[in-house]
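There are 2 protein chains.
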Amino acid sequence: MKKADDNKKIFYTIVFLGFLAGILKIIGGVVYMSRAVLVDAATSIANILSLIIIMYFISMSRRPPDADHMYGHLRYAFGGDLFMLLFYSFIAGILLPDLVNSVLKGYKVDVYASVYSFSGFMTYVVVVFLTRRIGRVFEIYRKMTYIELVEGAVATISAFTGSLYSFYLDLAGGLSLYSILVFEILSSARILLLDISDVISEEIIKIVSEEITRKGLRISDMRLRQVYQGVYYGEIIIMFPEDMSLREAHKIIDEIERTLSKRNIYVTIHPEPSK
Amino acid sequence: MKKADDNKKIFYTIVFLGFLAGILKIIGGVVYMSRAVLVDAATSIANILSLIIIMYFISMSRRPPDADHMYGHLRYAFGGDLFMLLFYSFIAGILLPDLVNSVLKGYKVDVYASVYSFSGFMTYVVVVFLTRRIGRVFEIYRKMTYIELVEGAVATISAFTGSLYSFYLDLAGGLSLYSILVFEILSSARILLLDISDVISEEIIKIVSEEITRKGLRISDMRLRQVYQGVYYGEIIIMFPEDMSLREAHKIIDEIERTLSKRNIYVTIHPEPSK
């Protein structure tokens with residue numbers, strides 16, 4: 000309970016600091032005219048909103064199995080990725096007309112853009128430290144905040160050199176950050192599609208096969224799939240001598256099912272009498 | 000083969016006409032300054048690109064089961080929905096800054112906007128007729144083109160009245176169409192999440208339960224899930240007298256599995272000896 004309360008405090012602090020960083024960067028981008036800082040500001044805001052979306056769907060995914068979700072609600076956690084990606088895509092759309100305009104017409108960057116960008120960057124350094132102190136759930140989010148840190152540095156440098164020499168330097172930074180954003184959206188969407196496709200790794204197939212063959216049994220057919228990271232379900236047809244009693248066969252089956260379930264592999268075994 | 004060739008011709012004609020309608024609407028929206036026609040133009044273009052995206056993922060989903068996809072690739076068809084939604088979200092983002100600007104600063108609509116919008120609308124009428132002639136695969140797409148037709152009508156009327164009386168009428172049309180777009184994205188994303196969540200309907204549970212109980216058998220445990228529209232997989236534990244031979248139990252099990260598979264319900268049955 001103490002731990003959960005601490006996590007909550009850290010979570011709210013992260014959200015607050017994230018929005019603060021976003022606002023500092025928006026001032027740098029809009030008021031002091033840096034495209035690099037503006038793109039970075041938009042992804043910072045998206046980053047913090049994503050955290051809230053992810054939290055919501057993770058809590059949803061923890062509901063136990065029920066009548067219309069017999070395998071549980073684990074896959075609702077993918078709702079976090081789905082809505083997060085839609086939001087990032089929306090942000091990418093919002094930024095586009097202004098970037099096109101900037102390429103066509105040019106602009107002038109104020110040196111203050113880099114000052115605000117740097118303040119936002121420093122705020123994010125604190126966020127990164129805080130995410131290290133909370134649970135495993137935030138693994139993906141943490142990776143994203145590291146990227147956010149690199150992007151903040153790129154934005155600050157682009158705005159600074161852009162204000163000293165030419166707006167082209169700032170624009171180059173902005174367009175690079177924008178390309179990274181679009182690339183990240185597309186590659187994350189591909190990973191999401193793979194995750195929901197009932198995929199299975201060679202490693203899990205090997206664990207299951209070995210568990211059965213080392214009992215001297217033969218697999219006739221098998222279907223396995225990953226439901227969520229680290230959780231697997233499946234069906235296996237195993238050959239048994241046809242004169243074996245149901246009780247005997249069942250005892251062996253039960254043992255295999257129990258051993259595999261300890262590794263989060265939940266299988267149903269169908270005994271096939273061999274001729 | 001003749002049928003497939005015909006479908007291909009119709010498909011290319013739809014894509015061509017869709018882009019033509021999009022271009023007519025973009026001229027109406029950008030050159031003749033109608034926000035309603037502009038929003039409609041963007042969704043028309045998104046609509047046609049979605050058709051291409053959907054086709055690609057449907058062909059992917061038809062690949063047979065393999066080592067890392069033991070349940071087949073059916074779920075890759077959801078990639079069509081996923082990337083389509085990301086694209087619509089991107090379009091919604093692109094439209095936003097201009098809409099905000101129009102609300103703040105106002106503008107003047109030219110009557111030609113409604114003429115181009117109407118031409119685009121008539122082109123879409125032809126598209127709707129053509130989609131009626133191709134396969135079931137396009138069910139969802141067809142529904143979307145009907146919405147597209149209604150939106151085209153709203154855009155034409157908004158632009159026409161907007162050019163005669165006040166830009167507010169055109170803006171109201173544009174904002175309405177935009178709200179529909181955002182609403183459609185969010186509700187489609189929720190449906191997608193449900194579709195990938197291993198959900199199961201009462202109807203399928205009933206079919207399976209009845210098939211087993213009418214054989215005088217008792218279900219001890221059961222897990223069923225929808226893999227894709229109309230295709231179900233599952234695992235069932237059924238109680239059998241413990242002195243029954245494996246051969247006998249297997250015969251009954253096989254019969255149940257075969258009967259259910261005729262309705263696209265593929266189950267693996269585990270026989271549990273009852274004391």
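In order, the protein sequences belong to chains G and V.
Taking numbering that gives the first Met the number 0, the leading residue of the first sequence gets 0, the next gets one more, and so forth.
Taking numbering that gives the first Met the number 0, the leading residue of the second sequence gets 0, the next gets one more, and so forth.
The C-beta atom is built at its ideal place from N, Cα and C for all residues, glycine as well.
Item: Whole angstroms are fine: how far does the CA of G:A91 sit from the CA of G:V149?; Value: 18 angstroms
Item: Got a sec, what are the start and stop residues for the beta strand (DSSP E) V:D220 sits in?; Value: 217-227
Item: In this structure, how does DSSP classify G:G71 when only helix, strand and coil are distinguished?; Value: coil
Item: Are three or more beta carbon pairs between the segment 13-31 of chain V and the segment 66-82 of chain V nearer than 8 angstroms?; Value: no
Item: Give every residue of the same chain whose Cβ lies closer than 8 angstroms to the Cβ of G:N263, excluding the five residues on either side of it in the sequence, and list them in chain order.; Value: G229, V230, Y231
Item: Please report the Cβ distance between G:G17 and G:V126, rounded to the nearest whole angstrom; I am assuming they are in contact, meaning their Cβ atoms lie under 8 angstroms.; Value: 6 angstroms
Item: Assign G:T12 to buried or exposed, taking buried as 16 or more other Cβ atoms, counted over all protein chains shown, within 10 Å of its Cβ.; Value: exposed
Item: Do G:T122 and G:A20 have their C-beta atoms within less than 9 angstroms of each other?; Value: yes
Item: Using a Cβ-Cβ cut-off of 8 angstroms (strictly less than) and excluding sequence neighbours within five positions of G:T160, which residues of its own chain qualify?; Value: L168, D169
Item: Examine chain V for any beta-carbon lying closer than 9 angstroms to the beta-carbon of G:T212, and answer yes or no.; Value: no
Item: Does the segment 239-250 of chain G come within contact of the segment 183-191 of chain G, defined as at least 3 CB pairs closer than 8 angstroms?; Value: no
Item: Per the contact definition of three or more C-beta pairs closer than 8 angstroms, is the segment 219-227 of chain V in contact with the segment 241-257 of chain V?; Value: no
Item: Between which two residues does the beta strand (DSSP E) harbouring V:V230 extend?; Value: 230-240
Item: On a CA-only basis, which of G:F117, G:S116, G:R141 is nearest G:K128? Give me that one, please.; Value: A small fix is needed here, since residue 128 of chain G is Phe in this sequence, not Lys. For the residues G:F117, G:S116, G:R141, the minimum Cα distance to G:F128 belongs to G:R141.
Item: Relative to the C-alpha of G:I156, which candidate in G:I218, G:D109, G:F56 has its C-alpha closest?; Value: G:D109
Item: Would V:A152 and V:F182 be called neighbours here (beta carbons separated by less than 9 angstroms)?; Value: no
Item: If you count every other CB in all the chains shown that lies within 10 Å of the CB of G:V102, and 16 or more means buried, which is it?; Value: exposed
Item: Return yes when the Cβ of G:M143 is within less than 9 angstroms of the Cβ of V:I245, no when it is not.; Value: In the sequence on display, residue 245 of chain V carries Leu and not Ile. Not closer than 9 angstroms, so no.
Item: Across the segment 79-88 of chain G and the segment 84-100 of chain V, are there enough close Cβ pairs to call them in contact, namely three or more that are closer than 8 angstroms?; Value: yes
Item: At the level of alpha carbons, what is the spacing between V:T42 and V:L180?; Value: 8 angstroms
Item: Given that a residue counts as buried once 16 or more other Cβ atoms are within 10 Å of its Cβ, and exposed if not, what is G:Y115?; Value: buried
Item: Cutting at 7 angstroms between CB atoms, please list the residues of its own chain near V:L176, excluding the five before and the five after it.; Value: A35, V38, D39, E150, V153, A154
Item: Is there a C-beta anywhere in chain G that falls below 9 angstroms from the one on V:G310?; Value: No information on residue 310 of chain V is available, as it lies outside the stretch 0 to 274 that chain V covers here.
Item: Which residues bound the beta strand (DSSP E) around G:P272?; Value: 264-273
Item: Can you find a C-beta in chain G that's less than 9 angstroms from the C-beta of V:T258?; Value: no
Item: Please go through the same chain and pick out, in chain order, the residues whose beta-carbon is closer than 7 angstroms to the beta-carbon of V:I25, but skip the five residues on each side of it.; Value: A40
Item: How is V:S200 classed by DSSP in three states: helix, strand or coil?; Value: coil
Item: By Cβ distance, which residues of its chain are closer than 6 angstroms to G:S49, with the 5 residues on each side in sequence left out?; Value: M83
Item: Report the three-state DSSP secondary structure of G:D276 (helix, strand or coil).; Value: In the structure displayed, chain G extends from 0 to 274; residue 276 of chain G sits before or after that span and is not available.
Item: In terms of residues, what are the limits of the alpha helix (DSSP H) holding V:D80?; Value: 77-104
Item: For a quick check, are the C-beta atoms of V:G79 and V:Y55 less than 9 angstroms apart?; Value: yes
Item: Any idea what DSSP makes of G:S244, helix, strand or coil?; Value: strand
Item: Would you check if the segment 254-274 of chain G and the segment 207-216 of chain G touch, i.e. whether three or more CB-CB distances between them fall below 8 angstroms?; Value: yes
Item: What span of residues does the alpha helix (DSSP H) with V:R131 cover, start to end?; Value: No alpha helix (DSSP H) contains V:R131, which DSSP labels as neither H nor E.
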